[in-house]
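S.K.:
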Amino acid sequence: MVTIRDVAKLAGVSVATVSRVLNNSISSEKSRLAVLQAVEKLEYSPNANAQALALKNTDTIGVVVTDVTDSFFAILVKAVDQVASEYGKSILIGIGYHNAEKEKNAIDTLLRKRCSCLVVHSKALDDKTLKNYLDNVPSMVIINRVIKGYEHRCVNLDNQRGTFLATETLISLGHKKIGYIGSNHNISDEEERRNGYLDALKTYQLNKLNSAIVHTSPDFDGGEKAMIELLSYHSDLTAVVTYNDNIAAGALSVLNENNIKVPEQFSVIGFDDMPIARYLIPKLTTIRYPIDLMASYAAKLALNLADKTFECPSYVQFKPTLVKRFSIENAPKK
1 MVTIRDVAKL AGVSVATVSR VLNNSISSEK SRLAVLQAVE KLEYSPNANA
51 QALALKNTDT IGVVVTDVTD SFFAILVKAV DQVASEYGKS ILIGIGYHNA
101 EKEKNAIDTL LRKRCSCLVV HSKALDDKTL KNYLDNVPSM VIINRVIKGY
151 EHRCVNLDNQ RGTFLATETL ISLGHKKIGY IGSNHNISDE EERRNGYLDA
201 LKTYQLNKLN SAIVHTSPDF DGGEKAMIEL LSYHSDLTAV VTYNDNIAAG
251 ALSVLNENNI KVPEQFSVIG FDDMPIARYL IPKLTTIRYP IDLMASYAAK
301 LALNLADKTF ECPSYVQFKP TLVKRFSIEN APKK
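Here it is as structure tokens:
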């Protein structure tokens with residue numbers, strides 16, 4: 001593990017000088033450049049390394065999420081907060097917005113505030129950076145992602161199984177012309193969910209339709225735009241599997257505006273089982289993403305790792321389930 005002493009030695013300065021430079025305190029330009037060059041060469045992560053030593057000194061759990069305005073992440077934060085309350089602790093929140101630099105800043109800020117442990121949802125940071133944090137912050141847990149070699153500190157969902165189940169359900173109802181609306185974010189969830197859809201088509205020997213896969217922003221507007229595009233290409237499409245419930249809501253809006261009855265003429269399946277799914281018309285059939293259970297497990301794991309009283313369990317992967325409501329039906333007869 002690279003330490004601040006290693007940086008000082010390479011830069012030819014004292015540890016105190018390195019500390020002043022890293023904390024933007026007054027230092028000579030020559031020393032500052034020497035320290036920054038040493039940091040870059042050694043790939044030293046100052047906040048993770050320096051603050052990890054003080055992790056046990058507070059009663060705060062740090063949580064990094066993508067966007068607290070999204071109901072998915074709101075549920076995640078609430079679940080962690082409930083665990084924190086149970087253990088007599090509080091939480092601090094950092095937001096990454098699918099941006100590597102912002103995710104890193106969020107983690108570093110929480111470490112500077114001496115959080116006792118971390119639950120991190122990171123999609124933009126690369127594996128190398130996250131491995132460095134995991135090496136230096138023993139009570140950090142990754143949620144909704146798997147880092148090779150650190151599986152016992154990762155909590156995730158079998159995304160591929162989820163969209164396979166969604167597509168398989170539609171096929172069992174006689175649908176053969178099935179589209180997929182995915183996220184345009186370059187994240188593992190999207191690749192896994194798209195692969196689940198494709199695997200189901202292959203398993204049941206259905207041809208992949210040209211232009212039947214559309215990627216869009218994972219929100220209402222994105223769902224509307226993608227559904228318009230699918231309908232433009234395919235007049236014979238009878239069903240669609242979507243990346244999440246927000247996209248499904250946008251798709252339902254377009255179908256309604258075009259007088260295409262759901263589910264009589266067209267079936268839609270979402271993913272996540274967010275609260276909105278129960279209030280759409282018709283109520284949305286979706287794949288349940290148990291983010292509340294996953295976040296609760298991740299928080300308890302992080303707390304126990306911080307106390308060093310918990311033997312790490314084997315890698316746990318949560319399973320998706322189908323929540324059947326009223327947005328799917330047997331394929332219409334042609």
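Take 1 as the starting number for the sequence shown in UniProt numbering and just add one per residue.
For every residue, glycine included, the Cβ atom is placed at its ideal position computed from N, Cα and C.
(1) Rounded to the nearest angstrom, what separates L33 and N207 at their Cα positions?
(2) Contact between the segment 137-152 and the segment 109-120: three or more CB pairs below 8 angstroms?
(3) Give the DSSP-derived three-state secondary structure of L322 in the structure shown.
(4) Could you give the first and the last residue of the continuous alpha helix (DSSP H) run that contains R193?
(5) Roughly how far, in whole angstroms, is the beta-carbon of G179 from the beta-carbon of V240, given that I think they are within contact range, below 8 angstroms?
(6) Going by CA-CA distance only, name the one from V214, V65 and E224 that's closest to R145.
(7) Which same chain residues, not among the five before or five after S327, have their C-beta less than 6 angstroms away from its C-beta?
(8) Looking at the unbroken beta strand (DSSP E) that takes in R288, where does it start and where does it end?
(9) Could you pull out every residue in the same chain whose Cβ sits closer than 8 angstroms to the Cβ of A74, ignoring the five residues on either side in sequence?
(10) Ordered along the chain, which non-local residues of its own chain (more than five positions away) have a Cβ less than 7 angstroms from that of I147?
(11) What's the C-alpha gap between A106 and G270?
(12) Could you pull out every unbroken beta strand (DSSP E) segment of at least 3 residues lying fully inside the segment 93-124, listed in chain order?
(13) Going by C-alpha to C-alpha distance, which of G162, A38 and G174 sits closest to D333?
(14) Would you please state the rounded distance, in angstroms, between the beta carbons of S217 and Y233? I believe it to be under 8 angstroms.
(15) For the segment 243-296, which segments carrying the beta strand (DSSP E) assignment without a break, of at least 3 residues, lie completely within its bounds, in sequence order?
(16) Let me know the secondary structure DSSP gives residue 336 once reduced to three states.
(17) What does the Cβ neighbour count give for S188, buried or exposed, with the cut at 16 atoms within 10 Å?
(18) At what residues does the alpha helix (DSSP H) containing T69 begin and finish?
(19) On a CA-only basis, which of H98, L303 and K177 is nearest S235? Give me that one, please.
(20) So, does the segment 153-169 touch the segment 293-301, judging by three or more C-beta pairs under 8 angstroms?
(21) Quick check on the burial criterion: 16 or more other C-beta atoms within 10 angstroms. Buried or exposed for Y279?
(22) According to DSSP, what are the bridge partners of I91?
(23) Under three-state DSSP, which class holds V80?
(24) Quick check on the DSSP output: the alpha helix (DSSP H) that includes N159 runs from which residue to which?
(25) Thinking V77 and I61 are a contact (beta carbons under 8 angstroms), I'd like their distance in whole angstroms, please.
(26) May I ask you to report which of helix, strand or coil DSSP gives G223?
(27) Any heavy atom of the ligand MN closer than 7 angstroms to the Cβ of L134?
(28) Is the Cβ-Cβ distance between V323 and D273 less than 8 angstroms?
(29) Mind checking L293: buried by the 16 CB within 10 Å criterion, or exposed?
(30) Please name the residue, chosen from E224, D221 and L165, that lies closest to L198 on a Cα-to-Cα basis.
(31) If you follow the alpha helix (DSSP H) that S31 is in, where does it begin and where does it stop?
M.R.: Short version:
(1) In the sequence shown, counting from the first residue as 1, residue 33 sits at position 33. In the sequence shown, counting from the first residue as 1, residue 207 sits at position 207. Using only the alpha carbons, I get a separation of about 59 angstroms.
(2) Taking 8 angstroms as the limit for Cβ pairs, the verdict is that the segment 109-120 does touch the segment 137-152.
(3) Residue 322 sits at position 322 when you count from the first residue of the sequence shown. L322: strand per DSSP, three-state reduction.
(4) Here residue 193 refers to the residue found at position 193 of the sequence shown. Per DSSP, R193 belongs to the alpha helix (DSSP H) from S188 to T203.
(5) Position 179 of the sequence shown, counted from the first residue, corresponds to residue 179. Position 240 of the sequence shown, counted from the first residue, corresponds to residue 240. Between V240 and G179 the Cβ distance is about 4 angstroms, and since that is below 8 angstroms, they are a contact.
(6) Within the sequence shown, residue 145 is the residue found at index 145, counting from 1. Residue V65 is the option with its Cα nearest to R145.
(7) As a working note, residue 327 is residue 327 in the sequence shown. Excluding sequence neighbours, S327 sits near V262, P263, V268, P282, L284 and T285.
(8) Taking the first residue of the sequence shown as 1, we reach residue 288 at position 288. Looking at the DSSP string, the run of the beta strand (DSSP E) that includes R288 is T285 to R288.
(9) Start at 1 with the first residue of the sequence shown, and residue 74 comes out as number 74. Same-chain partners within the cutoff: V68.
(10) Numbered from 1 along the sequence shown, position 147 holds the residue referred to as residue 147. Here the set comprises D127, L130, K131, L134 and C154.
(11) As a first step, residue 106 is located in the sequence shown; it is residue number 106 there, counting from the start. As a first step, residue 270 is located in the sequence shown; it is residue number 270 there, counting from the start. C-alpha separation (whole angstroms): 30 angstroms.
(12) 117-120
(13) By 1-based counting over the sequence shown, the position of residue 333 is 333. A quick correction: the sequence has Lys, not Asp, at residue 333. The candidate whose alpha carbon is nearest that of K333 is G174.
(14) Taking the first residue of the sequence shown as 1, we reach residue 217 at position 217. Taking the first residue of the sequence shown as 1, we reach residue 233 at position 233. Not a contact, Cβ separation roughly 19 angstroms.
(15) Within the segment 243-296, the complete beta strand (DSSP E) segments of 3 residues or longer fall at 267-272 and 285-288, listed in chain order.
(16) What is shown of the chain runs 1 to 334, which leaves residue 336 out entirely.
(17) Residue mapping note: residue 188 aligns to position 188 of the sequence shown, counting from 1. Around the Cβ of S188, a 10 Å sphere holds fewer than 16 other Cβ atoms; the residue is exposed.
(18) Here residue 69 is taken as the residue at index 69 of the sequence shown, counted from 1. Per DSSP, T69 belongs to no alpha helix (DSSP H) and is neither H nor E.
(19) Mapped onto the sequence shown, residue 235 falls at position 235. If we check each option's Cα against that of S235, K177 comes out closest.
(20) yes
(21) For this step, residue 279 is matched to residue 279 along the sequence shown. Exposed is the label assigned to Y279, since fewer than 16 other Cβ atoms lie within 10 Å of its Cβ.
(22) Taking the first residue of the sequence shown as 1, we reach residue 91 at position 91. For I91, the beta-bridge partners assigned by DSSP are I61.
(23) If you number the sequence shown from 1, residue 80 lands on position 80. Note: V80 maps to helix in three-state DSSP.
(24) Position 159 of the sequence shown, counted from the start, is the residue given in the question as residue 159. Taken as a continuous stretch (DSSP letters only), the alpha helix (DSSP H) holding N159 covers N159 to S172.
(25) Position 77 of the sequence shown holds residue 77. Position 61 of the sequence shown holds residue 61. Between the beta-carbon of V77 and that of I61 there is about 10 angstroms, and that puts the pair past the 8 angstroms contact cut.
(26) Indexing the sequence shown from 1 puts residue 223 at position 223. G223 falls in the helix class under three-state DSSP.
(27) With respect to the ligand MN, the structure shown offers nothing to examine, as it has no ligands at all.
(28) Along the sequence shown, one-based indexing puts residue 323 at 323. Along the sequence shown, one-based indexing puts residue 273 at 273. Closer than 8 angstroms, so yes.
(29) For the purposes of this step, residue 293 is taken as residue 293 along the sequence shown, with counting starting at 1. So L293 counts as exposed.
(30) Here residue 198 corresponds to residue number 198 of the sequence shown, with the count starting at 1. Taking only the C-alpha atoms, the option nearest L198 is L165.
(31) On the sequence shown, residue 31 is found 31 positions in, with the first residue counted as 1. Annotation for S31: the continuous alpha helix (DSSP H) segment containing it runs E29 to L42.
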